[in-house]
Amino acid sequence: MLLIYCLHGDELASEEIAKQLNKEFGIKILIGNPKARKRKIRFIESDLNRSFKKSGTYESNRAEELRQFLLKSNEDLIIDLHITTAKMIPVGIMTDPKQLNFAARLGLSDVVLMNKRFSKGGSLIENIPNSISLEIYPDKNSIKQAKRFILNGLTPEQKTDNFNIYEVVNIVKKEDAERNAENMRKLKNGYYPIFYGEKAYKKVAYLETRKSTVTIGRC
Ligand SMILES: [Zn+2]
């Protein structure tokens, strides 16, 4: 298992968590975007998490470097740790329902199924096998939970059976957003908003999701 931090260079809390887990538990860690991290900015030329299989920027080169390294490394699980400014509980991010197995291994019961329209094929989890992203709002409790999820990843067993799946169906612009929306609280149209309050999303207020619950048995 390997933990990637700072795929976005301004998510400094992910570095803190990664370095601590490395020091205390020997978790293998890897920095995503070292140049952007140095400057404490999200990216230099293009969002690294949209730059896989692309070309022409510092980040697209870095994405290719990471891809080749990670493919060679043969890790059975790669956790891509992100920090969000949206106040919400920690969630796993997947682009393929098969990645739910990794959420089960981490003990993560809240998972967002990202829409390809949004990630456009350039995200890490779409290009690296055995990977899942973990998004956390960096308050004390969520950091504690995130560390537990990551440590759970050290053993392959399934840690949780029941999942809330939030499948992204719409990207809602600020002018179209429902007033007083709250992450994961049902909207009038029946959907559930997530990432409300994410500052990196500029024109987007939140992602609208269809919520479902899934149980997977242990064998
Ligand atoms: Zn991020």
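Each residue of the sequence shown is one higher than the last, beginning at 24 in this note's numbering.
A virtual CB, placed ideally from N, CA and C, is assigned to each residue, including glycine.
Asked                                                                                                     : Found
Length-filtered (3 minimum) beta strand (DSSP E) runs lying within the segment 129 to 179                 : 133 to 136 and 154 to 159
Glu180 beta carbon near ligand 1 (any heavy atom closer than 6 Å)                                         : no
Cβ of Ser146 within 7 Å of any chain D Cβ                                                                 : As a matter of chain content, chain D is missing from the structure shown, which is built from one protein chain.
Three-pair Cβ contact test at 8 Å for the segment 74 to 93 versus the segment 191 to 201                  : no
Glu47: CB within 6 Å of a non-hydrogen atom of ligand 1                                                   : no
Among Phe186, Gln168 and Glu39, the one whose alpha carbon lies nearest that of Ile112                    : Gln168
Beta carbon of Lys58 nearer than 7 Å to that of Ile67                                                     : yes
Residue list, Cβ distance to ligand 1 heavy atoms smaller than 6 Å                                        : Leu30, His31, Glu34 and His105
Host beta strand (DSSP E) of Arg233 (start-end)                                                           : Val227 to Thr238
DSSP-derived helix/strand/coil call for Asp199                                                            : helix
Contact under 7 Å by Cβ, Ile50 with Cys29                                                                 : no
Sufficient close CB pairs (3 or more, under 8 Å) joining the segment 201 to 219 to the segment 138 to 153 : no
Rounded separation between Ile159 and Lys46 - CA only                                                     : 21 Å
Where the beta strand (DSSP E) through Ile54 begins and ends                                              : Lys51 to Ile54
C-beta atoms of Val195 and Ala228 nearer than 7 Å                                                         : yes
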